[in-house]
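Contents: one structure, followed by commentary.
Numbering (the working numbering), first residue to last: 5 to 267.
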């Protein structure tokens, strides 16, 4: 091979290598540090979004567990109250059978009066004791009914059967209070001031009140034998309960303080 041919080949190879180097240099960014920083920012933003998403998931999980626990507590409370009502119903049915038997004896045998009259007197005394220790709802109405029974108990113009019928009716009315809800208007003494109020009776379990403006609410404490005043804390809940009792709203779950029921 001639020398001129070798030189030409070397020159061409050199030019090819130079062009390749220039092309590779054009691929490298002018500011590689900025490119790295942008990549880090994108990754940081992605991580932050993932953290926020996880926080929301955790919050929803906590709320779900809370609602589940509240539901379980409500089911337990319902079962307790249901058992309590069933016990009262069995007692009432048993009492009704006994009263029916006594009524038949009174109608058939006048000579049993000397045994029945003391029983009727004990029944009236027991009814008074019940009203005095019970939740103080409709006190005027209930006491008036009791005083009527006490008045006729020893009157000769009332037969023994008639006396028993009236006492039996009074017991039926008192028993029905434990199976119903009711709303009525009356007054209450709050810090020495007599205030008009709306009352909501939940069976015989609880009695709540609320003033017309909703500024004063409360409930009767069996443990303290006194009113527990709550200010306006439960005004919305008691207002909803009153509407249900007045049949102005359908039945619904209401969050109200309820005293414990013995199992």
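Cβ atoms here follow ideal geometry from the backbone N, Cα and C, with glycine treated the same way.
Those residues which DSSP pairs with residue 185 across a bridge: 206
Shortest alpha-carbon distance to residue 203 belongs to which of 157, 140, 94 and 73? The option with the nearest alpha carbon to residue 203 is 140.
Below 8 Å on the Cβ atoms is my guess for residue 185 versus residue 249; work out the distance and round it to an integer in Å. 5 Å
Separation of residue 58 from residue 30, as counted between CA atoms: Low local confidence applies: a pLDDT of 48 at residue 30 is under 50, so the model's placement there is unreliable, with the coordinate-based value given in what follows. Using only the alpha carbons, I get a separation of about 43 Å.
Going by beta carbon distance, what residues of the same chain come within less than 6 Å of residue 218, once the five residues before and after it are set aside? 236 and 239
Could you please give the first and the last residue of the uninterrupted beta strand (DSSP E) stretch that includes residue 215? Careful: residue 215 lies outside any beta strand (DSSP E) and carries neither H nor E.
Would you call residue 267 buried or exposed, if buried means 16 or more other Cβ atoms sit within 10 Å of its Cβ? In this predicted model, residue 267 has a pLDDT of only 42, less than 50, meaning its place in the structure is not dependable enough to derive any value.
Flag this pair as yes or no: are the beta carbons of residue 135 and residue 150 separated by less than 9 Å? The answer is yes: Cβ separation under 9 Å.
I'd like the list of long-range same chain contacts for residue 232, defined as Cβ closer than 6 Å, with 5 residues on each side in sequence excluded. 222, 223 and 225
Pick from 208, 193, 145 and 106 that is closest to residue 127, judged by C-alpha positions: 106
Can you tell me which of the three DSSP states residue 121 falls into? DSSP places residue 121 in helix when its eight states are reduced to three.
Selected residue, minimal CA-CA separation from residue 157, among 52, 68 and 122: 122
Between which two residues does the alpha helix (DSSP H) carrying residue 246 extend? 239 to 249
Can you tell me the Cα-Cα spacing of residue 214 and residue 70, whole angstroms? 30 Å
C-alpha distance - residue 220 paired with residue 234, whole-angstrom precision: 7 Å
By the 10 Å Cβ neighbour count, where 16 or more other Cβ atoms means buried, how is residue 168 classified, buried or exposed? buried
Per DSSP, which residues does residue 232 bridge with? Please list them. DSSP lists 223 as partners of residue 232.
Could I get the ranges of all uninterrupted alpha helix (DSSP H) runs contained in the stretch 137 to 192, with 4 residues as the minimum, in chain order? 143 to 156 and 164 to 181
Return the chain-ordered list of same chain residues with a C-beta closer than 8 Å to the C-beta of residue 244, the five sequence neighbours on each side being excluded. 253, 256 and 258
By how many angstroms is the C-alpha of residue 78 removed from the C-alpha of residue 61? 26 Å
In terms of DSSP beta bridges, what is residue 197 paired with? BP columns for residue 197 point to 194.
According to the Cβ coordinates, are residue 262 and residue 206 closer than 9 Å? Yes; because the gap between Cβ atoms is below 9 Å, this pair is in contact.
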